[in-house]
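Worksheet: the structure to be examined is printed underneath.
Residue numbers (this note's numbering), protein chains in the order written: chain C, 31 to 327; chain S, 31 to 327; chain X, 31 to 327; chain Z, 31 to 327.
Structural data, given as structure tokens:
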């Protein structure tokens, strides 16, 4: 989907990127079963994620790799998670080539395609843990959370400013869902710029609205917040099923039926989009302050 | 529960703290219904969170308050979310007093009780959006994500070092669940210090294991990671129900049956606990490097 | 709840009545765990219902008891499930007395209180299996399914004819839910008599509407069918939680707050209510046929 | 699937067969939305099943058709639901031909293919309601519930006696699930004949085991009951998704990959299979009685 140009930018959890990166390092994960004795696994140094099992050493090796890479000169600064993941993707892409592999994981694929990858909870994953390890030694990157918030809003702002549209495809829920959807309130509720909410909303989830949580909140509820354009509500879709069922179907359908799109390389355009957002925001602020002082506008 | 000493520290989403803070500002939220026309709500300036409704102005007023407070001198630096929320709690506690209120929200209550509040996705909420607004103007706090990761691990490390135990009570799932549980892998997998996993694990959730996601991952799966002590697995509890059912029952039970505990004031002890973690980690690192060089240990 | 007069009549599955009857026979069920090796249980003659375990012999003994009782003279005829369960309840009540027990199970309690118990799928349970065993030998009761349908409709019809109201409390969903709710369509859609749907609708379930199934169908959907009175829709309640959480809370609340109601003994009034339904139906049929023939009405 | 020979027999709810029969009568159901005002629908004579809507007249016309057909001579007796549905299917097949339709519904298709259709809760659906309407006038069929129980067990018994295997595919849960699975306990626990449980178990459901209900009970739990052969447990499958997602995928796969099977016409073989079950059962009973009397065997 990334290579076919169907994904312009992405918000993930760190855990998805971390465990996916095992492939880029040539490490093995195995299809197992969820019906096992976890105390025996723990004793035998085997780690389980539902029905996937792998050796504890896979974690240690990945951790060691990440710390070594992030100890390098390029990482010794403050950055957005998009930059962090782009840099990690660069190293993983190189590692893949050494191993005779290609595009085995999201980090390397997104790096090659210029797709910015954000993580809404950057301390919350083994990537974050390894950064925190380096931090204890006074080394490593610092994630600038506000840069992430503003870059993602700037991407949506740019899409809509140019007469384009913004569509969100949500697999699951939780913090990444909110992080994608809050771009619209950031633009209009907080920064006071124009915006009518996302134009397309497709969510695949097992979270139901009645829990009252964000994961199960409907596109209709999002309309009341200005997160989804009310005019587009009838087109919004919520599919209550597992992402592992829906995503292969969606992917097969998209690749079979839709022509590929040329890559947008939004990663390279982050700076320019952010500056546009900042400029429009500061101009509006100045106008408001002038008005507040009673100056003629 | 906080005032009774049953909560030593806490990980939340920013949204929970933000909307809860409306109470501290004397703003009204209303019990409504989920069965409404959200386009009409949007037109009428009413925002909905499942069956709770409130005026859009409540958001604007809270946003304005947060930006004004976080524009102050105390906030112009890098800090953990515990510090951020402690400072916000201080201002909200003062605001409550002006309004003749007390302990109306978690932020002010936790401030008074010295309970550190962490948020695993600090950019992902209206608190994060308002910080990002200030950031565009070169103002406001910077969240140091690694400080959060290490402070939370240091709290668990201190509890276990002192011959004590660590118990987690999880309402829901998602990023906060992982952030609490990853303290143990941070201690033993990443930092290489001793630890056998949390001693008590109680989760209230509607997320089932079969989705393969972290929210529904069982304490048994956590054992395979060293997140939960295998010896304590039979005592772990997962309750599949809504937190709004379970929490009042748990609270009523705890307050009725268990004697209050004296407040631990972990907020004030963060620095000391972090230094202990850092010291033990750096000593171990030095020892490992020495061994690697072949020096006699 | 039955003894306090809060349950006038009931629809259950046969399995609930069958396994509950083990108590009436003084047989033991044990609280166990769902996390066990079922092949080992099968080998050891232990049967599991989620986290309840018991010896296979409990089934054999209950089966043997049921076949012996239902081989008796009183059972050698066609009957509604209300009669079947009343007769079984009579024998279980006597057995309880021999054992020094009282009201250990629904069958004996409902027998003593004159509460009719219907089962919508009478062949589908071990009670049904044992009846089918006797049937192979030319013995035992025959369930008259249409008598069940008409008796239950007659109960609702009588309640509403007398200026009273009809309230349904649904735990779970499935066939018993539909069987209770179809009483209204039976009265007005099929038999052509007057009725405006049930007045009170409370459901405790984990079935969500989006599955499209009957279990998760909302009271609102039931309004479109005339199963629920549209005027009472705002008072209807769906609670998404486990019955084992909701029922103890409801029971404790009802017993603590509401005065007991005198027992209605609907079991004894089945015949009279059915005759009223039949009479009104046949009169309407005669009137319609007369009209169809062009006779003056 | 039926026509391709992949379905030998079936247990359904009456509601599925009833609403499906609208197609056979040339009546229209419409794809709608679940997000509608049901009071307005009720006022306008529109009935809703989740996101399917149709005119109230569709029900009345189907009811009238069913009563007219079931008033005929062939229906004035006691029968299993397999016979009831076979007869209904015969009339619907004829009606389809009048309308220039073919195999528009399960009833007519199963009739043509000789696939017996059972309903575990025969009073619980509009088919049952219309039978109950006729019953009030002393007309119509009587469902012999025990005949259903024994015929379904006889089908499984025959499959296994002949060295064959028994596989169950379960869509959803509830009463039909139990009715299919109880065939094995009927054979070995109740009737005392040989049997080791079903060989193949595939369930598509959204019901989770933790509710403790039958719908979510796992094949593993079924092993403890002898409902599933322990040796085949590792091959059993539970898919947690909507049947409307799984069934089209399964069907497309089966039709594309598996050769068609010749139709078994089990409907025509019910009598012979039942007699075999009865004979073996009565012989065993006689043997047991002889042993109990101390006669030499």
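Glycine included, every Cβ here is placed at the ideal spot set by N, Cα and C.
CB contact flag (residue 208 of chain Z, residue 154 of chain X, <7 angstroms): Residue 208 of chain Z places its beta carbon less than 7 angstroms from that of residue 154 of chain X.
Separation of residue 139 of chain S from residue 278 of chain S, as counted between CA atoms: So the two alpha carbons sit approximately 18 angstroms from each other.
Residue 228 of chain S and residue 179 of chain S closer than 7 angstroms at C-beta: By the CB criterion at 7 angstroms, residue 228 of chain S and residue 179 of chain S fall outside the cutoff.
Simplified DSSP state of residue 228 of chain C, which is helix, strand or coil: In the three-state reduction of the DSSP assignment, residue 228 of chain C falls in the strand class.
C-beta neighbour in chain X for residue 69 of chain Z, strict 7 angstroms: So, interface residue.
Contact under 7 angstroms by Cβ, residue 174 of chain X with residue 245 of chain X: For residue 174 of chain X and residue 245 of chain X, no; Cβs fall outside 7 angstroms.
Test: residue 270 of chain S CB closer than 7 angstroms to a CB of chain Z: Judged by the 7 angstroms Cβ criterion, residue 270 of chain S is in contact with chain Z.
Residue 210 of chain X versus residue 230 of chain X - alpha carbon distance: The alpha-carbon separation between residue 210 of chain X and residue 230 of chain X amounts to approximately 12 angstroms.
Completely contained alpha helix (DSSP H) runs for the segment 153-236 of chain Z, where each covers 4 or more residues: The qualifying runs are 156-166, 175-191 and 204-211.
Any chain S beta carbon closer than 7 angstroms to residue 275 of chain X: Interface criterion met: the Cβ of residue 275 of chain X is under 7 angstroms from a Cβ in chain S.
Validate contact between the segment 146-160 of chain X and the segment 91-104 of chain X using beta carbons, cut 8 angstroms, 3 pairs: Verdict: yes, contact present.
Alpha helix (DSSP H) segment containing residue 99 of chain X, residue limits: From DSSP, the alpha helix (DSSP H) with residue 99 of chain X extends over 86-100.
7 angstroms Cβ cutoff, residue 240 of chain C in contact with chain X: So, interface residue.
Close beta carbons around residue 276 of chain C, own chain, < 7 angstroms, minus the five adjacent residues each side: Closer than 7 angstroms at the Cβ level, and outside the excluded window around residue 276 of chain C, lie 234 and 269.
Of the residues S:121, S:92 and S:112, the one placed nearest residue 102 of chain S, counting alpha carbons only: Closest by alpha carbon: S:121.
Beta-carbon spacing of residue 181 of chain X, residue 110 of chain X below 7 angstroms: Closer than 7 angstroms, so yes.
Inter-residue CB distance, residue 205 of chain Z and residue 241 of chain X (contact presumed, cutoff 8 angstroms): That pair is no contact at about 16 angstroms.
6 angstroms Cβ shell around residue 172 of chain Z - same chain, five flanking residues per side excluded: Result list for residue 172 of chain Z: 108, in chain order.
Chain C within 7 angstroms of residue 255 of chain S, Cβ atoms only: Cβ-Cβ to chain C under 7 angstroms: yes for residue 255 of chain S.
Nearest-angstrom beta carbon gap, residue 170 of chain S and residue 105 of chain S [assumed within contact, 8 angstroms]: So it is a contact: roughly 6 angstroms between Cβ atoms.
Beta-ladder partner(s) of residue 60 of chain X, from DSSP: When DSSP reads this structure, residue 60 of chain X sits in a beta bridge with X:83.
Other residues of its chain near residue 247 of chain X: CB distance less than 6 angstroms, five sequence neighbours each side excluded: If you ignore the 5 residues before and after residue 247 of chain X, its C-beta comes within less than 6 angstroms of no other C-beta in its own chain.
Chain X contact for residue 191 of chain Z (CB, 7 angstroms cutoff): Chain X contact via Cβ: absent.
Chain C residues whose Cβ lies nearer than 7 angstroms to that of residue 173 of chain S: For residue 173 of chain S, the neighbours in chain C by C-beta distance under 7 angstroms run, in chain order, 175.
Beta carbon proximity, residue 216 of chain Z to chain X, threshold 7 angstroms: Nearest CB-CB separation between residue 216 of chain Z and chain X: below the 7 angstroms threshold.
DSSP three-state assignment for residue 78 of chain X, whether helix, strand or coil: In this structure, DSSP gives residue 78 of chain X an extended state, which the three-state scheme calls strand.
Residue 117 of chain Z versus residue 298 of chain Z: straight-line alpha-carbon distance, rounded: Looking at the two C-alpha atoms, the distance is approximately 13 angstroms.
Three-way DSSP call (helix, strand, coil) for residue 254 of chain C in this model: It is helical.
Reference residue 89 of chain S, options C:219, C:195 and C:305, closest by Cα: Residue C:219 is the option with its Cα nearest to residue 89 of chain S.
Which of helix, strand or coil DSSP assigns to residue 40 of chain C: Here residue 40 of chain C sits in strand by DSSP.
Straight-line Cα distance separating residue 283 of chain Z from residue 53 of chain Z: Our two residues, residue 53 of chain Z and residue 283 of chain Z, have alpha carbons roughly 25 angstroms apart in a direct line.
Secondary structure of residue 151 of chain C, DSSP reduced to three states: Looking at residue 151 of chain C - three-state DSSP - the assignment turns out to be coil, as it is neither helix nor strand.
Residue 290 of chain S classed as buried or exposed, judged by whether at least 16 other C-beta atoms fall within 10 angstroms: Looking at its Cβ environment, which holds fewer than 16 other Cβ atoms inside 10 Å, residue 290 of chain S is exposed.
Residue span of the beta strand (DSSP E) that contains residue 270 of chain C, given as start and end: For residue 270 of chain C, the enclosing beta strand (DSSP E) has its first and last residue at 267-270.
Selection from Z:186, Z:165, Z:224 and Z:31 that minimises the alpha carbon distance to residue 370 of chain Z: Residue 370 of chain Z lies beyond the stretch modelled for chain Z, which goes from 31 to 327, so this question has no answer here.
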